[in-house]
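Numbering (our numbering), first residue to last: 126 to 216. Quick reminder that beta carbons are idealized off the backbone N, C-alpha and C, glycines included.
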Amino acid sequence: LDADTDRRRRGQAPRVSFLGRRPSDPEHQFSDTVELPRQHARACIKATFQLQDSIRDKLRPIAITLAYGIQGAGAGRRGRGTTLPPLLPVL
126 LDADTDRRRR
136 GQAPRVSFLG
146 RRPSDPEHQF
156 SDTVELPRQH
166 ARACIKATFQ
176 LQDSIRDKLR
186 PIAITLAYGI
196 QGAGAGRRGR
206 GTTLPPLLPV
216 L
């Protein structure tokens, strides 16, 4: 999760800091790993952030951006040695 991305692009300081973030993460970012035991399984991760006291702009919305990646995606498919046949043009 990344908070106040637009504000930081304009060179302004982020207005929030995530609680419980990793020491390697900046204050305005939170990262975690979710393991799903099977397909269609659901999982929730809670992330809490705190509005900094020194910020005057407390009325504008704080945008949160979520980015995700799938670890090992594609590695299993390529590792099996099976390739798809060439595609035929469709008119």
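Beta-bridge partners assigned by DSSP to Ala128: Ile189. The Cβ atoms of Leu144 and Gln175 lie closer than 8 Å to each other. Here Ala188 is exposed. Its C-beta has fewer than 16 other C-beta atoms within 10 Å. Leu161 sits away from Ala172, with the two beta carbons spaced by 8 Å or more. Note on geometry: alpha-carbon atoms of Arg132 and His153 lie some 11 Å from one another. Nearest C-alpha to Asp157 among Ala138, Gly194, His165: Gly194.
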